[in-house]
Amino acid sequence: MMNENERYDYVHDRFLKLSDHRYLHDHITRVSIDEDKTYLLINSIEDDNLREEEEVKRVTAGLLVDAALTTHQYVPLHNENEQREKEKQLVVLAGDWYSSLYYSELSKLGDVGLVRVFSRSIQKTNNAKIRLHERGWKDLEELQELITTMEATLIQNVGIYFNQRSIADFAGHFLTYRRLLDLIEHAEQDKEPFGSARLSPLFAIEPTDRDREDYVQEMISNLEVVAANVKDRLLASYQDNEAALSTQLKKRFMELVNK
120 MMNENERYDY VHDRFLKLSD HRYLHDHITR VSIDEDKTYL LINSIEDDNL REEEEVKRVT
180 AGLLVDAALT THQYVPLHNE NEQREKEKQL VVLAGDWYSS LYYSELSKLG DVGLVRVFSR
240 SIQKTNNAKI RLHERGWKDL EELQELITTM EATLIQNVGI YFNQRSIADF AGHFLTYRRL
300 LDLIEHAEQD KEPFGSARLS PLFAIEPTDR DREDYVQEMI SNLEVVAANV KDRLLASYQD
360 NEAALSTQLK KRFMELVNK
């Protein structure tokens with residue numbers, strides 16, 4: 120039986136083999152595996168009724184779903200020339216490629232229930248991205264909920280499906296706080312935040328009704344308030360769920376909260 124790190128290595132290699140596409144990766148950057156999400160999925164997909172091989176194949180499928188969502192996030196927002204238009208088409212194609220791979224992987228396993236979980240998660244994640252793109256939140260609590268939905272819905276739903284509710288609860292706070300820190304850091308450093316894929320969808324469109332620098336500073340202040348609240352919830356979630364967390368998840372928690 121593989122330990123946690125051996126499962127990670129196995130899933131990592133399997134993901135790279137399944138997703139290899141020479142033409143696409145000659146023209147766009149290959150999506151790198153998110154280590155935090157990989158360990159969260161490994162700990163979410165534990166079922167006494169499944170063989171170890173069946174579990175890790177489901178983890179790989181989950182990573183392919185996340186790769187599809189991540190790739191589509193990096194679609195260029197402004198097409199200034201023919202080359203940028205080609206890049207956009209290839210990025211969309213790459214996202215669709217990852218989607219087809221996860222569906223193929225699960226169809227071989229015959230796991231209709233998990234296919235439905237993934238489909239609902241994709242829809243909910245994309246809806247949250249649209250609302251963030253349109254700045255469709257009424258207060259900071261709703262802003263936080265939308266960021267959580269965008270970042271953690273997939274892993275939360277998978278954890279609930281496999282009755283790993285402690286992992287699902289922890290993942291929501293952990294991934295939200297991680298993304299908030301990343302958004303704040305890059306919004307402060309990026310001289311041209313609008314249109315940046317890294318800051319999408321919050322900085323997808325430059326405001327037309329106010330000064331752009333004022334908007335950026337206000338958004339950073341709002342994100343800092345939200346991050347402080349989420350950190351408190353993350354600390355509480357860690358205390359509540361510590362017994363269910365693996366060595367790697369505990370390590371990554373400590374690294375994140377000590378940033």
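Heads up: the sequence shown is residues 120 to 378, going by my numbering. For glycine and all other residues, C-beta sits at the position ideal for the given N, C-alpha and C. Because the structure is a prediction, the values reported are computed rather than measured.
Reference residue i; option with closest CA among the options
i, options, result
"threonine 295", "Ser151, Ser356 and Gly255", "Ser356"
"alanine 306", "His292, Ile279 and Leu342", "Leu342"
"aspartate 139", "Leu183, Met120 and Leu228", "Leu183"
"aspartate 359", "Trp256, Ile286, Glu304 and Glu311", "Ile286"
"isoleucine 164", "Ile249, Leu137, Val345 and Val130", "Val130"
"leucine 159", "Asp301, Arg126, Glu304 and Lys257", "Arg126"
"proline 326", "Phe313, Ser219 and Ser223", "Phe313"
"threonine 244", "Leu259, Gly232 and Glu264", "Glu264"
"lysine 156", "Thr189, Asn168, Lys136 and Asp167", "Thr189"
"phenylalanine 237", "Arg329, Arg177, Leu251 and Ala323", "Arg177"
"arginine 254", "Leu299, Ser240, Ser219 and Ser319", "Ser319"
"isoleucine 374", "Ile279, Arg297 and Asp351", "The sequence shown places glutamate at residue 374, rather than the isoleucine named in the question. Considering only alpha carbons, the answer is Arg297."
"isoleucine 303", "Ala363, Leu220, Gln275 and Val345", "Val345"
"glutamine 242", "Asn276, Glu260 and Trp256", "Asn276"
"lysine 136", "Ser365, Asn122, Ile152 and Met121", "Ile152"
"tyrosine 217", "Asn348, Ala362, Glu123 and Phe134", "Phe134"
"lysine 370", "Glu154, Met120 and Arg284", "Glu154"
"leucine 354", "Ile324, His292 and Asp301", "His292"
"glutamate 311", "Val335, Val376, Asp258 and Asp301", "Val335"
"lysine 350", "Asp328, Arg331, Asn377 and Ala247", "Asn377"
"alanine 363", "Leu220, Gly278 and Arg239", "Gly278"
"glycine 232", "Asn246, Asp328, Glu260 and Tyr280", "Tyr280"
"aspartate 166", "Arg352, Gln308 and Gln283", "Gln283"
"alanine 247", "Val234, Glu261 and Arg235", "Glu261"
"glutamate 361", "Val150, Asn162, Asn122 and Met121", "Asn162"
"valine 114", "Gly181, Leu300 and Leu259", "It is not possible to answer for residue 114, since the shown part of the chain is limited to 120 through 378."
Environment of residue i [buried if 16+ CB atoms lie within 10 Å]
i, result
"aspartate 333", "exposed"
"histidine 197", "Interpretation of histidine 197 is limited by its pLDDT of 48, a score under 50 that renders its predicted location unreliable; the figure taken from the coordinates is listed afterwards. Classification for histidine 197: exposed."
"aspartate 288", "buried"
"leucine 225", "buried"
"asparagine 200", "Annotation note: pLDDT 49 at asparagine 200 (below 50); position unreliable, coordinate value reported separately. Classification of asparagine 200: exposed, given that the 10 Å Cβ count is below 16."
"aspartate 132", "exposed"
"threonine 179", "buried"
"leucine 321", "buried"
"alanine 290", "buried"
"aspartate 185", "buried"
"serine 223", "exposed"
"serine 240", "buried"
"lysine 266", "Looking at the sequence shown, residue 266 is not lysine but isoleucine. Buried, because 16 or more other Cβ atoms sit within 10 Å of the Cβ of isoleucine 266."
"alanine 187", "buried"
"asparagine 124", "exposed"
"lysine 257", "exposed"
"leucine 251", "buried"
Segment limits, alpha helix (DSSP H) that includes residue i
i, result
"phenylalanine 134", "123-138"
"phenylalanine 86", "Nothing can be reported for residue 86, as the shown portion of the chain is limited to 120 through 378."
"threonine 267", "259-280"
"leucine 375", "366-376"
"aspartate 359", "331-360"
"valine 231", "231-252"
"isoleucine 324", "Unbroken run through isoleucine 324: none, as it is neither H nor E."
"aspartate 155", "154-163"
Distance cut-off 6 Å: residue i Cβ against heavy atoms of the ligand ATP
i, result
"threonine 366", "As far as ligands go, the structure on display features none, and thus does not contain the ligand ATP."
- Determine, using beta-carbon pairs with one atom in the region 337-352 and one in the region 268-276, whether at least three such pairs fall under 8 Å. no
- Query: With a cut-off of 8 Å, do at least 3 Cβ pairs link the region 217-232 to the region 160-179?
  - Reply: yes
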